[in-house]
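All letters in the sequence shown, in the order written, are residues 1 to 100 by UniProt numbering. We put the beta carbon where it would ideally sit given N, CA and C, even for glycine.
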Amino acid sequence: MLVIVTENVPPRLRGRLAVWLIEIRAGVYVGDLSAKVRDMIWSQIEQGLEEGNAVMAWSTNTESGFDFMTLGKNRRLPVELDGLKLVSFFPIEDDETEAL
């Protein structure tokens, strides 16, 4: 199983992802693809992301049963702790707190 979630990406990238995966909701793509195809899709995301961000998660043989990668500006940062991948949060920037 492969899941990709995108935010603020160009329409041409969304269209390219829809060639290989099903878009079950705006910016959320799912499918069941090989590791080779998954790597090719990730390289397409890297090339076409522009100002957006993306996360890709897939099933694998780990303690948690999945792995993931992120790309683009996002408050979430993947960190590895004792072989387990977790998510850390960057602090809210002053500009963001003023907008709230």
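I'd like to confirm the pairing. Which residues does DSSP put opposite residue i in its beta bridges?
i   : result
S59 : F66
V30 : V3 and I22
F89 : R76
Pop quiz: residue i and residue j are said to be a contact at Cβ under 8 Å. What is the actual Cβ separation, rounded to whole angstroms?
i   : j   : result
S64 : L84 : 6 Å
N53 : G72 : 3 Å
R25 : L2  : R25 to L2, Cβ: 15 Å. No contact.
Hey, how far is the Cα of residue i from the Cα of residue j?
i   : j   : result
L21 : G27 : 11 Å
T62 : D82 : 12 Å
L17 : P91 : 31 Å
I45 : L13 : 7 Å
F89 : E51 : 20 Å
Would DSSP call residue i helix, strand or coil?
i   : result
E46 : helix
R38 : helix
G72 : strand
P11 : helix
Is residue i close to chain C? Criterion is C-beta to C-beta, closer than 9 Å.
i   : result
S34 : This model lacks chain C altogether; it includes just one protein chain.
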